[in-house]
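Taking it in order: structure first as structure tokens, then the write-up.
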Amino acid sequence: MDRYSQNRERLLTSSRPMPDFAVVESQGPWLHRADGTRIFDGSSGLLCANVGQSSPKVRARIEEQFSRYSFGGAAVVRPHIQMELMDRLCRAVGRPNDSVALTTCGTLGVEVAIGLARNITRVRDGKQRGDILTSTLSYHGNSALTLALAGNHARRPRPQDALGLGPAFPPPYPPTHSHEGRGCDASCADEVAKEIDSRGAETVAAVLIEPVNGSTGGAFVPPDGYLQRVLEVCRDRDVLVIHDEVLTGLWRTGTPLASHHWERCEPDMVILSKGLGAGYTGVGAVLVSPEIAPWIRHEDTDPLPAMGTMATHPLMAAACLGVLDELESIGLTAFIARGERLGAAMKALNGVGPVRDVRGLGFLYGVEVAQGQLWPVMKAAEERGAFFYPFTGAGHPKSEGLVVAPPLNSTDEEIDFLIEALSSALPALG
Ligand SMILES: Cc1ncc(COP(=O)(O)O)c(C=O)c1O
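Quick note: the sequence shown uses our numbering, first residue 1, plus one each step.
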């Protein structure tokens with residue numbers, strides 16, 4: 001027992017029990033424990049350490065910037081490194097002409113995107129657009145506003161604390177329709193149309209949506225045509241579409257953006273965060289399409305949403321450039337093949353032991369298990385040298401499971417290790 005073991009409850013972090021292994025070293029996806037054993041991080045930290053730990057490329061970028069100057073917000077020093085990041089990032093996700101707002105985390109990225117959407121639609125349409133519509137199975141951050149808007153049941157504030165807000169439409173998640181005896185298809189987007197029309201389109205600024213769900217519903221994937229239909233519904237009504245790719249952005253689902261799995265669903269704004277800082281720095285980035293960005297500079301528009309003291313921190317930008325260096329050094333063909341192998345192995349687990357469903361794409365899978373089996377599975381996997389991210393928020397009917405999301409630069413052997421650890425943990429349970 002070390003001197004910090006006794007007063008752990010004073011550190012207010014998660015409502016889940018804290019892991020009780022001390023890590024003394026890390027390398028890529030491996031955490032080395034004080035007792036000499038190592039464990040594979042099958043959750044990439046909190047679904048963010050996408051290029052593993054201890055990256056020499058990230059370190060080199062931070063050191064280089066540190067030796068130049070360690071602080072200079074955009075209003076103080078010419079924001080060279082931030083502009084370099086903007087260019088690299090926009091090209092990396094196939095939106096080379098977007099404008100970018102940087103923030104310090106995903107939540108603030110969502111807040112800034114909401115502020116921009118309201119500014120843009122109001123100055124463009126001269127109406128009192130302000131509403132932001134989200135799905136009843138979603139998570140968009142931990143501020144009072146984003147918690148009030150989103151549909152993560154486990155994290156919803158009490159009604160009296162919800163600022164009068166709430167999620168607005170059902171997600172394309174099959175159990176939502178179980179009483180109707182049907183699955184999901186593109187027509188699930190009609191729920192979005194219904195909601196906009198019932199409020200009156202002139203009051204709605206944007207639909208905010210995770211194109212592939214993250215941890216709330218355990219990586220559920222929308223049916224083909226859904227995102228395109230949402231975009232059409234919104235375009236018909238002059239409502240903006242914001243994709244929250246905080247978790248899925250930058251190759252987590254096997255493509256630069258999760259929305260790239262489908263055609264004709266390019267949103268007006270994209271929010272990135274976890275995979276951009278990759279656990280080396282807090283960061284958020286809001287990408288705004290060139291079609292709507294000019295409204296932000298319009299003479300009648302409201303001022304930009306406040307970005308905060310640390311929003312353009314040069315060391316943050318340097319770390320992100322190092323992450324992009326890492327991502328660009330991954331061989332694409334082998335990466336895609338590894339993602340497919342991981343996906344096939346995960347889907348083969350459907351029905352094994354306590355597993356009730358498997359879904360996902362690329363390097364992101366939700367393995368749903370029978371109620372009460374989540375923690376036994378987590379424990380059995382940990383005994384076999386791997387841990388995963390638990391999800392417990394998938395609404396009605398309630399579901400729980402593991403999110404499997406290894407670092408994107410894991411090797412073939414490491415992916416095999418992960419598959420074996422989870423596969424061998426399941427049959428004995430359930
Ligand atoms: C989809 C999504 N949006 C927003 C956030 C909030 O990001 P952060 O925790 O960096 O504030 C998260 C975090 O898990 C997320 O998964």
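Built from N, CA and C at the ideal position, the CB exists for glycine as well.
DSSP puts residue i in a beta bridge; with which residues?
| i | result |
| --- | --- |
| residue 139 | BP columns for residue 139 are empty, so no partner. |
| residue 131 | 204 |
| residue 269 | 242 and 288 |
| residue 209 | 243 |
| residue 365 | 360 and 404 |
| residue 304 | The partner list for residue 304 (beta bridge, DSSP) is empty, contrary to what the question assumes. |
| residue 151 | Partner(s): none; residue 151 has no beta bridge. |
| residue 390 | 402 |
| residue 417 | Bridge partners of residue 417: none, in fact. |
| residue 40 | 30 and 386 |
| residue 99 | 288 |
| residue 25 | 32 |
| residue 355 | 369 |
| residue 169 | 135 |
For ligand 1, any of its heavy atoms closer than 6 Å to the Cβ of residue i?
| i | result |
| --- | --- |
| residue 139 | yes |
| residue 327 | no |
| residue 247 | yes |
| residue 105 | yes |
| residue 135 | no |
| residue 210 | yes |
| residue 214 | yes |
| residue 15 | no |
| residue 143 | no |
| residue 244 | yes |
| residue 424 | no |
By alpha-carbon positions, which one of the options ends up nearest to residue i?
| i | options | result |
| --- | --- | --- |
| residue 242 | 27, 114, 182 and 423 | 114 |
| residue 92 | 3, 260 and 365 | 260 |
| residue 210 | 379, 338 and 258 | 258 |
| residue 314 | 86, 52, 35 and 42 | 86 |
| residue 386 | 39, 21, 11 and 10 | 39 |
| residue 421 | 428, 192 and 382 | 382 |
| residue 15 | 284, 154, 426 and 336 | 154 |
| residue 94 | 289, 167, 23 and 67 | 289 |
| residue 283 | 293, 350 and 82 | 82 |
| residue 345 | 424, 376 and 22 | 424 |
| residue 354 | 428, 330 and 138 | 428 |
| residue 133 | 312, 117 and 328 | 117 |
| residue 378 | 418, 250 and 255 | 418 |
| residue 136 | 371, 338, 60 and 398 | 398 |
| residue 376 | 357, 360 and 401 | 401 |
| residue 69 | 332, 279 and 317 | 317 |
| residue 389 | 199, 73, 214 and 162 | 214 |
| residue 166 | 188, 138 and 182 | 138 |
| residue 372 | 359, 358, 391 and 384 | 391 |
| residue 58 | 172, 168 and 280 | 280 |
| residue 77 | 240, 244, 312 and 32 | 312 |
| residue 100 | 374, 426 and 292 | 292 |
| residue 56 | 111, 326 and 270 | 326 |
| residue 72 | 310, 368, 370 and 36 | 310 |
| residue 416 | 351, 254, 337 and 352 | 337 |
| residue 339 | 176, 151, 171 and 251 | 251 |
| residue 426 | 411, 330 and 351 | 351 |
Quick one: is residue i near chain D, going by C-beta distance under 7 Å?
| i | result |
| --- | --- |
| residue 187 | Here there is only one protein chain, and chain D is not present. |
May I ask whether a heavy atom of ligand 3 can be found less than 6 Å away from the beta carbon of residue i?
| i | result |
| --- | --- |
| residue 273 | For the structure depicted, ligand 3 is absent and the ligand set comprises only ligand 1. |
Checklist entry - Does the stretch 138-151 come close enough to the stretch 223-236 that 3 or more CB-CB pairs lie under 8 Å? => result no
Checklist entry - Below 8 Å, can you find three or more Cβ-Cβ pairs linking the stretch 38-50 to the stretch 268-282? => result yes
Checklist entry - Do the stretch 201-212 and the stretch 122-131 meet, that is, are 3 or more Cβ pairs less than 8 Å apart? => result yes
Next on the checklist: Please give me, in chain order, every unbroken run of the beta strand (DSSP E) with length at least 3 that falls completely inside the stretch 45-94.
Outcome noted: none
Checklist entry - Any chance the stretch 402-411 sits against the stretch 22-37, with 3 or more Cβ pairs inside 8 Å? => result yes
Item to check | Touching by the beta-carbon criterion (3+ pairs, under 8 Å), the stretch 361-368 and the stretch 319-333 | outcome: no
Item to check | Any 3 or more C-beta pairs closer than 8 Å across the stretch 229-241 and the stretch 190-197 | outcome: yes
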